[in-house]
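Protein chains in written order, with this note's numbering: chain A, 1 to 709; chain B, 1001 to 1286.
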């Protein structure tokens, strides 16, 4: 057919007319608008009945009460529990993020066995029998001390079961990770006798003198401290913060006193000298001091004169004198210690020196002061039956008092000093100083069993992983500690059914004991952990199960304890930092980044400032004067005797010149892209410094060299 | 609802910057309450969705005179010039995806209406609005914790703080069920307010003299004497709003005893601050 002009126009017009009459265009437009308003890949949360379950958080030693909002059986939101004796409705960002831990991509879903560099899934039966076989071998070799165990804390029934297993097995090599509570007990033991601990009555004190304690940076029981701090103004109370850096606590305080890093003990002693010299101490209390108080007083007057203290600490003489005088003259003063969160390495001399100020001004067991109380052992485990192997084993000495002693022993021994190691809910391969040597020690231990919920750095080093329920999937007693004035045991409850093929740590120990049999099996004859808790919690179980918590002690303790000044009277040396760099690298505790297990949740990481973490780089704080020609976000290389790292810098006027501050809690390496492979782990750069006299790792920092990268 | 309705509320908040510790609980509580997603890298704060964001302010002095204060910034729920409901963002939205609630004073955001032109983001002087450059993604299984009270958003729309409007709806439902006409102060509190461990955030009805927020702010119902577009200026000398003189009339007030902090709420020419720092609303209503 020939297409002429007429037929072309005719066809064209016909087509136009046809299309305009047809509904196709309208239909297509409508369809496309509907299509662009559909997002099938965006989740639509299912609605249902709302309910609330109360429980207790055990992410940190704070032990806050939480209230979990559920839609049918799905937990959707975590908030602070109103009227709970510790936090009364408040919550920290980590507690609110609990549900992200529940669904964490790094959750371990089933028991695992190391094969080469990878893990393979195994059944619970196989896992437990492999552990039991290894333990039986150790026992038949008559070397029960070669089973070592690291747990996260000293108190509570799960720790109790680990201790029980170790004792029945015949090993004394049970260690806890350093925590604020452990430092409190060490300090109390040195001054007031073993088996006591310290609580601070911050909410009633009218003058808080803090030697670097991050009162609003996660120190102690964080939410309780936030509350006490917030009511300061209404109560007319003062907070003086002594630390090298303008931390949030320093910024919020009535006065910030910058101090040369690592000289806090000297300042405390200098202040004690001022208080003694000006006769501002509580004579009645001081009259009862034992262990060479007069000798100490003489030493203080000689070695800690105002001018000497000022020279050591870099603080003006008038500031030292004024602060000491204000502290001593306050009605209810309290001196608090434990730099940062209080769970990092601390010098026992410093802790004791600071706490001596409380003793001097009579703030012990007084409202608004420091409460000295016996550590309450509220659990009643039946006496263990011990076979001969166990009796022989526990007669052998422990490798050392602290967890770093264990790794030291493993690293120096040519034969395996430890045949098997249990690690429960702690992450020594990340959280201890000089992680390289810790990992090296793990490499030398033939059989490592991890009891963890997450595939963290330490779980990755294990030979067998026995995955445990997260704390919102299980029942457990959660004792408070961490410097709270009152002692509360909370009951953590299963808020949600376990998501994966995990078990309660207590139940795993029951299974292992049963597989071992003999007297060990007999010591664990409970039907389940839940039954065990009910039995051993004895007198407080009723209160625990009914109201969710039991109060063991509150109010001012009555009998004032003895004060023994022996440790300080011996005039111990102060801890020095390692290295030969001209700058000092110190760790920073940031409320938004947990520094130990478990790692931060994605929400918490999201809140971290870009002055702390930028992309995949840690940003360190440095004073503009120290930085010279360096600009914000310039890359530098930090070199210490332990390691090197490339980081960015943030020019920060709140940092003391000559000091570099690096945040703790970054640089994780396990498989969770929201949390890991971000920044540097400061423990790769700082090595342990063992304090003479106490044996604790007291590194407060390390000398560092800095160069443009 | 008519804006002259006697039952109208004007929800607002006052944040005590001297109590705020910068801990971040408000940010996380907000994200968890409102199904805010997260990405692998959130350190580029320009594309990091934080309805509530805590800023760090410094006094700019060098060591050891430096001071820091933290300033939490939700959506300011502006009433616009003269407090007539013409918020900067509402005025520019071509899709009526964001609107002013005359019964509550809350600026809404309707995600399915928004087509992502981002005019509102340009108009907002407080950077309170965020654009979804990507679809939200939760790690496998984690979408089970999402709350049915707030729709998850999709790529291509703007989102912001709603003063937890769903909590207001739930409180109203409960009041209706109980046969009450209105809700109590404690029945409607935002997620950031309830989470704050320092108790630094106080939320309530700025129209209701019995509410704590009103007691602290003491809002002046009349236009300010030096700038008639400003309404609701606080008569508390320690209370201020951000960029107050723009006449955006935010419903978020800040409290600080420190003068440098109050001064940081706006930009001033040399000498200007001293002239206006003592204007605290009309005396006659004190």
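Backbone N, C-alpha and C fix where the C-beta goes; we use that ideal spot for every residue, glycine too.
Closest by C-alpha distance to residue i, when choosing among the options
| i | options | result |
| --- | --- | --- |
| residue 681/A | 222/A, 82/A, 237/A, 587/A | 587/A |
| residue 203/A | 385/A, 512/A, 85/A | 85/A |
| residue 577/A | 468/A, 39/A, 689/A, 72/A | 689/A |
| residue 1159/B | 1214/B, 1085/B, 1124/B | 1124/B |
| residue 228/A | 1011/B, 1007/B, 1012/B, 1021/B | 1021/B |
| residue 282/A | 366/A, 244/A, 635/A | 366/A |
| residue 599/A | 143/A, 667/A, 21/A, 132/A | 667/A |
| residue 247/A | 258/A, 93/A, 635/A | 258/A |
| residue 218/A | 332/A, 95/A, 440/A | 95/A |
| residue 1164/B | 1255/B, 1203/B, 1039/B, 1224/B | 1203/B |
Residue i Cβ short of 6 Å to the ligand GTP heavy atom set
| i | result |
| --- | --- |
| residue 52/A | Among the components of this structure there are no ligands whatsoever, and the ligand GTP is therefore not found. |
Whole-angstrom distance between residue j and residue i, CA atom to CA atom
| i | j | result |
| --- | --- | --- |
| residue 698/A | residue 1234/B | 51 Å |
| residue 406/A | residue 396/A | 15 Å |
| residue 108/A | residue 114/A | 13 Å |
| residue 316/A | residue 310/A | 6 Å |
| residue 1285/B | residue 1106/B | Its pLDDT being 45, under 50, residue 1285/B is placed unreliably by the model, and the measurement read from it follows with that caveat. So the two alpha carbons sit approximately 26 Å from each other. |
| residue 1168/B | residue 1187/B | 8 Å |
| residue 1028/B | residue 39/A | 26 Å |
| residue 383/A | residue 356/A | 38 Å |
| residue 192/A | residue 374/A | 10 Å |
| residue 1001/B | residue 1103/B | Note that residue 1001/B scores a pLDDT of 43, beneath 50, so its modelled location is shaky and nothing firm can be said. |
| residue 234/A | residue 250/A | 19 Å |
| residue 1024/B | residue 1097/B | 29 Å |
| residue 443/A | residue 413/A | 13 Å |
| residue 518/A | residue 572/A | 48 Å |
| residue 1288/B | residue 76/A | Nothing about residue 1288/B can be read from this structure; chain B reaches only from 1001 to 1286. |
| residue 499/A | residue 511/A | 21 Å |
| residue 735/A | residue 467/A | This structure cannot speak to residue 735/A, because chain A is shown only from 1 to 709. |
| residue 1004/B | residue 1101/B | In this prediction, residue 1004/B has a pLDDT of 46, which is less than 50 and means its spatial position is unreliable; nothing more can be read from the coordinates. |
| residue 231/A | residue 1019/B | 8 Å |
| residue 1181/B | residue 1209/B | 18 Å |
| residue 79/A | residue 1054/B | 19 Å |
| residue 178/A | residue 1058/B | 35 Å |
| residue 100/A | residue 639/A | 36 Å |
| residue 297/A | residue 200/A | 25 Å |
| residue 1067/B | residue 655/A | 11 Å |
| residue 1249/B | residue 110/A | 56 Å |
| residue 1283/B | residue 90/A | With a pLDDT of 49 at residue 1283/B, under the threshold of 50, the modelled position of this residue cannot be trusted; read the value that follows with caution. Each residue's alpha carbon lies about 37 Å from the other. |
| residue 1075/B | residue 1262/B | 19 Å |
Endpoints, the beta strand (DSSP E) within which residue i is located
| i | result |
| --- | --- |
| residue 138/A | Not the beta strand (DSSP E): residue 138/A falls in the alpha helix (DSSP H), residues 124-140. |
| residue 645/A | 644-651 |
| residue 549/A | 549-553 |
| residue 297/A | Counting along the chain, residue 297/A falls outside any beta strand (DSSP E), though it belongs to the alpha helix (DSSP H) covering 293-303. |
| residue 67/A | 65-71 |
| residue 277/A | Segment 264-277 is the alpha helix (DSSP H) holding residue 277/A; no beta strand (DSSP E) there. |
| residue 114/A | 112-115 |
| residue 709/A | Premise fails: residue 709/A is in no beta strand (DSSP E) and is neither H nor E. |
| residue 245/A | Neither: residue 245/A is in no beta strand (DSSP E) and is coded neither H nor E. |
Element boundaries [alpha helix (DSSP H), containing residue i]
| i | result |
| --- | --- |
| residue 310/A | 306-313 |
| residue 566/A | 566-569 |
| residue 223/A | 222-230 |
| residue 1076/B | Counting along the chain, residue 1076/B falls outside any alpha helix (DSSP H), and DSSP gives it neither H nor E. |
| residue 536/A | 529-536 |
*Within the chosen definition, does the segment 54-68 of chain A reach the segment 465-477 of chain A through at least 3 CB pairs nearer than 8 Å?*
yes
*Say whether the segment 286-298 of chain A touches the segment 561-575 of chain A, bearing in mind that this needs 3 or more beta-carbon pairs closer than 8 Å, one atom from each stretch.*
yes
*Would you list, in sequence order, the uninterrupted beta strand (DSSP E) runs of no fewer than 3 residues that lie entirely inside the segment 1014-1049 of chain B?*
none
*Report yes or no: do three or more beta-carbon pairs, one from the segment 342-359 of chain A and one from the segment 531-545 of chain A, lie closer than 8 Å?*
no
*Using 8 Å as the Cβ pair cut-off and three pairs as the minimum, do the segment 179-198 of chain A and the segment 361-374 of chain A touch?*
A contact exists between the segment 179-198 of chain A and the segment 361-374 of chain A.
*Are at least three pairs of beta-carbons, each pair with one atom in the segment 145-152 of chain A and one in the segment 164-176 of chain A, less than 8 Å apart?*
yes
_At 3 residues or longer, what runs of the beta strand (DSSP E) sit wholly inside the segment 402-472 of chain A?_
For the segment 402-472 of chain A, whole beta strand (DSSP E) runs of length 3 or above, ordered along the chain, are 420-424, 447-451.
*asked:* To test your reading of the DSSP string, which unbroken alpha helix (DSSP H) runs of 4 or more residues are found completely within the segment 1205-1267 of chain B?
replied: 1212-1217, 1259-1263
*Are at least three pairs of beta-carbons, each pair with one atom in the segment 1221-1233 of chain B and one in the segment 1033-1049 of chain B, less than 8 Å apart?*
no
*Which ranges does the alpha helix (DSSP H) cover as unbroken runs of at least 4 residues, wholly within the segment 1081-1123 of chain B, from first to last along the chain?*
1088-1092, 1119-1123, all fully within the segment 1081-1123 of chain B.
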